[in-house]
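*Asks:* The numbering used here puts the first residue of the sequence shown at 159, with every later residue one more than the last.
Idealized CB from N, CA, C, for every residue including glycine.
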Amino acid sequence: MKNINYLNYFFVGIPAIIFLLAFLQIIDLIVFGLLFSVLTGLFQVTIGGCMLIDEPHDKSLQWYIIGVLLFFIMICINPYLPKHDFKIYFFYAIPAILAFHLTILIYKKAHK
């Protein structure tokens, strides 16, 4: 589990570092940060699903998977929702919240 924890730090940290450097205008590689964010999402959804299979009664993992499913459902129904600013904030915030939530879960399980 500690190796998964370190991999998670890598997958979460690289896009954060690239976005920070792009925000500070040190490098202009924001496209790579966006592409690496997709890899981060794939890694976290896969690890979250595998952890849920191993521990199906863990409420925190169940809430994580429910959050992921709700996010993808919202992406599918997004074009049919009325135009509001909260939609933009929602789509920026939810993946970060889910990534932070799973990072905490992995950390707790790695340090038991």
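Are the beta-carbon atoms belonging to Asn163 and Ala257 less than 8 Å from one another?
*Replies:* The answer is no: Cβ separation not under 8 Å.
*Asks:* Please determine if the region 251-266 and the region 197-205 are in contact, where contact requires at least 3 C-beta pairs separated by less than 8 Å.
*Replies:* The answer is yes - the region 197-205 touches the region 251-266, with three or more Cβ pairs under 8 Å.
*Asks:* Helix or strand or just coil, what does DSSP make of Lys241?
*Replies:* Correct three-state label for Lys241: coil.
*Asks:* Here's the rule: buried if 16 or more other CB atoms are within 10 angstroms of the residue's CB, otherwise exposed. What is Phe194?
*Replies:* Buried.
*Asks:* Quick check on the DSSP output: the alpha helix (DSSP H) that includes Asp212 runs from which residue to which?
*Replies:* Run containing Asp212: Ile188 to Asp212, per the alpha helix (DSSP H) assignment.
*Asks:* Residues in the same chain with beta-carbon distance under 7 Å from Gly191, minus the five sequence neighbours each way, listed in chain order, please.
*Replies:* Cβ neighbours of Gly191 beyond the five flanking positions: Pro173, Ile176, Phe177 and Ala180.
*Asks:* The alpha helix (DSSP H) spanning Asn236 covers which residue range?
*Replies:* Taken as a continuous stretch (DSSP letters only), Asn236 belongs to no alpha helix (DSSP H), as it is neither H nor E.
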